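The block underneath contains the structure these notes are about, expressed in structure tokens.
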Amino acid sequence: MSIINENMTSKEMLDILVNKNMEDARKAKAKGELVCWSSSIAPCEFTETMGICTIYPENYAAVLAAKKIAPEFLEHAERKGYANDICGYARINLGYMDLKKELDEIEFPLPDLVLLCNNICETLLKWYENIAYELNIPLLIVDVPFNHGEEVTEENIKYVEAQLYDLIHQLELICNKPFDMDKFQEVMKIASDNATSWYEATSLCSAVPSPLSGFDMFNYMALIVCMRGKKECGTTFKKLKAELEEKIAKGECGLRGAEEKHRIMWDGIACWPYLSHTYKVLKNKGANMTGSTYPSAWALEYTPGNLYEMAKAYTGMGNNLSLKGQTDLRKEIIKETKCNGVVMHLNRSCKMCDFLQYEIGKELEESMNIPITTFDGDQADPRNYSKAQYETRIEALVEMMEQRAQ
Amino acid sequence: MEINNIIDYLVKSADFPGKTIKESCKKNNKEAVGCVAPYAPEEIVYAANCIPVGIWGGQVELTKARTYLPAFACSIMQSIMEYEIRGTYDFLKAVLIPAVCDTLKCFGQKWKGTSEAIPFVFPQNREAKSAEAFLESEYKYIKNKLEEILGITITEKALQDSIILYNDYRAEMRKFVEIASVHTDVITPVIRHKIIKSSYFMDKKDYLEYIKELNKKLRLLPANNSKNKRIIVTGIMLEPDGIIEYFEKYGMDIVGDDLTHESRQFRTDAPFSGSALNSLAKRWTNHNACSLAFDPYKERIQYLVDLANHYKADGLVIALMKFCDPEEYDVPLIMERMKKENIPLLVIEIDQQAKSFEQINTRLLSFAENM
Ligand code: SF4
Ligand code: SF4
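Each protein sequence line maps, in turn, to chains L and F.
Numbered according to my numbering, the first sequence spans residues 256 to 661.
Numbered according to my numbering, the second sequence spans residues 50 to 420.
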């Protein structure tokens, strides 16, 4: 029997499932079963099929950062010699791994293998190298080449597809049992359906007013990251979708206790240590985050059983596109979710998020006549954010949005 | 040519890249094509009858680059961006940009010069059989692009010839660093660096002749009995020259290196294969122990230990490029291992924009004294 049921709200389901995921990992570890650490948009279908409990360091780092207990781990990593400009998630994770600290209810068991897919950044290569080396465990990689041209090339897809077959063999060797193709088929169907359900729910942000605030979406993201291969994940998003549709029918907006006057696109990762500050400043101005790249990031859809399509989905996702691809994606989001302003998070942790920002912003401003602001922040390290700067920038953005609305 | 003349010539060539490139193009009736930082398949450029020019930044004040790159982009890309905007590279026919890190991935998309940028990717899962075929297709794309830009055809024969020349060059360079390590009185750290660097600005065919001659002459000199400390350097690059001068000042010879700018460039040959592009692809899949090529077993660390043993080094210096994450991740692990091995280690930060090196000066001095 499932631990969630239709009578629960999607938020209740979310909380139960996120806890369960971590609890399952702890139980698996205690029983001596394999635990895998994986990057956030890696093909979880494979470890899921093998019954390997898979958990996500990026997600866990975000949890620690949101709980405001990241600095201890960041500082530990820095004392070990990690430079403080390295991705905050990596520093937290490597610090955590080294400290192997018992964190009672949120403890994150150490892995027996790691799986990485560099479709979001190259930083992961180095980060996971270090985990595998320090713990002396197998490292599975699906290398997804950056799409530097306008098209996702056949050669790129074929290279990724071939690695998916390699992955099956590698897992068979690690688990010492055959890969169950029937189960794989089932898992692929679930994962692909979940991706659709995630996209369908989160893209309801296009309604006016939007029934969902992007900041709430950030919370639901934990599920699509951590449980994309499990049925309950889809159940939750279907429920979320129903709830949002109800809100749309009633004309309710996703901002708690405020009216939606402006709609912005948030470009980049959340500032987890200041999630509530970043949210409230916007809310006080009646600005709702309706656009972001996240709904499409996990919209990994393919025909179950078709590894070619699967490879294409993993290599064609947003972060892995050329400048033009990334700009077009944002144009689409702004149009779809009817944004009239853009907030760009110049994230000290993430070079991949930042280094095309100038070009993307310029093109959006010029072709869409949309005002843009940027602020300095960090997804995980509280030292790189200034409340005052954020407030001033948002104020200026809102003024520009108001002017243009007239 | 006398040994001193060869050395002088190469050192000057490194000191005046613009002039060197121009002269070399004129002499050989060739155009120049840029290669941003490491590992471009120079052989393809060479087979296109062009001189591949290494683009590794330089000591420049940032006035324009800041608009396009946040302050926490690596220092070398800041310099390159600055030169790019100033038009320094506009004489190049094209520029190859490999996506080996997040910075270069983005960099390949935002070239500001007038020459056409050709971004490309190296597959990182080098153990996968499919990696070679993928890289061959990337190289084919580079080849097609160059043919289109230059209005020429690059033949298989030209590619094969160019591979033979480059393998010869690499072999000769490996000899050079070996021989230089026992002639540090003549090949001082600054001279060693400049000799290697000058290869980025001239026709490899000409350069190879100089190096062969130099190796031949160096061999005939009696090995020196320098009492200096013997140092290995690792990292992306060791520059500006001001830093290398401190090595000399404090009695430290550079006897070996694992720098992307230097030895890593000629460590791996292109093995024989039926097709030239496949052979070049194999060169990358065989390239190990490098921070920029996925290294799940961290062979680089063992490689450094071996290098230190081979050269009987007294210490290791990590020249850490500011804000270079591929390198930064390796630092803690190298530190740990060197401690175990009892190899003295110093980490210095490479900042191409730095005007004074007081801090590095002090640290190198105390490193030299305490070794
Ligand atoms: S935050 Fe950026 S650098 Fe860090 S893992 Fe994510 S994409 Fe990579
Ligand atoms: S981050 Fe490192 S590898 Fe990447 S461009 Fe900069 S120096 Fe080169």
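Using N, Cα and C, we set each Cβ at its ideal position, and we do this for glycine too.
Bear in mind that the values here come from a model prediction, so they are computed numbers and not experimental data.
Taking residue i as the query, report the chain F residues whose CB atoms sit under 9 Å from its CB, ordered along the chain.
i	result
Thr378/L	Cys150, Asp151, Asp374, Pro375 and Tyr378
Asn385/L	Lys347, Tyr378, Asp379, Pro381 and Leu382
Looking at residue j and residue i, is the spacing between their C-beta atoms short of 8 Å?
i	j	result
Leu341/F	Pro172/F	no
Asn575/L	Phe401/L	yes
Ala122/F	Phe610/L	yes
Tyr215/F	Ala319/F	yes
Glu303/L	Gly560/L	no
Thr309/L	Ala345/L	no
Tyr188/F	Pro101/F	no
Gln425/L	Ala177/F	no
Ser295/L	Val480/L	yes
Thr490/L	Gly546/L	no
Ala96/F	Leu208/F	yes
Ala368/F	Gly284/F	yes
Just checking: is the beta-carbon of residue i within a distance shorter than 8 Å of some beta-carbon in chain L?
i	result
Gln402/F	no
Pro393/F	no
Ser179/F	yes
Phe416/F	no
Ala368/F	no
Cys155/F	yes
Ile158/F	First, the amino acid is wrong: residue 158/F is Gln here, not Ile. Gln158/F counts as touching chain L.
Leu195/F	no
Ala122/F	yes
Gln408/F	no
Would a check of beta-carbon distances place residue i closer than 8 Å to chain F?
i	result
Glu360/L	The pLDDT assigned to Glu360/L is 49, lower than 50, so where the model puts this residue is not dependable; a value taken from the coordinates is nonetheless given after this. For Glu360/L, the answer is no, since every Cβ of chain F falls outside 8 Å of its Cβ.
Asn374/L	no
Ile341/L	yes
Arg603/L	yes
Ala338/L	yes
Leu578/L	yes
Trp292/L	no
Trp382/L	yes
Lys586/L	no
Tyr454/L	no
Tyr534/L	no
Lys540/L	no
Tyr645/L	no
Lys606/L	yes
Tyr388/L	yes
Under 9 Å between beta-carbons, which chain L residues line up against residue i? List them in chain order, please.
i	result
Val170/F	Pro400, Phe401, Asn402, His403 and Asn411
Thr116/F	Tyr613
Closer than 7 Å by beta-carbon distance: list the chain L residues that pair up with residue i, in chain order.
i	result
Asn174/F	Ile396, Asp398 and Gln418
Cys74/F	Near Cys74/F there are no residues of chain L at all, since even the closest Cβ is about 28 Å away, more than 7 Å.
Ala86/F	Under the 7 Å cutoff, chain L gives no residues; its nearest Cβ is about 14 Å from Ala86/F.
Starting from the beta carbon of residue i, find every residue of chain F whose beta carbon is closer than 8 Å, and list them in chain order.
i	result
Ile392/L	Ordered by position in chain F, no residue passes the 8 Å Cβ test against Ile392/L, which lies about 10 Å from the chain.
Lys567/L	The premise fails here: Lys567/L is roughly 14 Å from chain F at the closest Cβ pair, so nothing lies under 8 Å.
Taking Cβ-Cβ distances shorter than 8 Å, what residues in chain L pair up with residue i?
i	result
Ser186/F	Thr408 and Glu410
Phe183/F	Pro400, Glu410, Asn411, Lys413 and Tyr414
List the residues of chain F that residue i touches, going by C-beta distances under 7 Å, in chain order.
i	result
Asp609/L	Pro119
Lys335/L	Pro381
Lys355/L	Neighbours of Lys355/L on chain F: none; closest Cβ ~16 Å, over 7 Å.
Looking at chain C, is there any beta carbon in it that lies within less than 8 Å of the beta carbon of residue i?
i	result
Gly107/F	Absence of chain C from the displayed structure is noted, the protein chains being L and F.
Can you give me, in chain order, the residues of the region 419–445 of chain L that have a beta carbon less than 8 Å from any beta carbon in chain F?
Asp421
Between the region 332–347 of chain F and chain L, which residues of the former have CB atoms less than 9 Å from a CB of the latter, in chain order?
Ser340, Phe343, Asp344, Pro345, Tyr346 and Lys347
Given a limit of 8 Å on CB to CB distance, which residues of the region 259–291 of chain L reach chain F?
none
Tell me which residues of the region 551–567 of chain L have at least one Cβ-Cβ distance to chain F shorter than 7 Å, keeping chain order.
none
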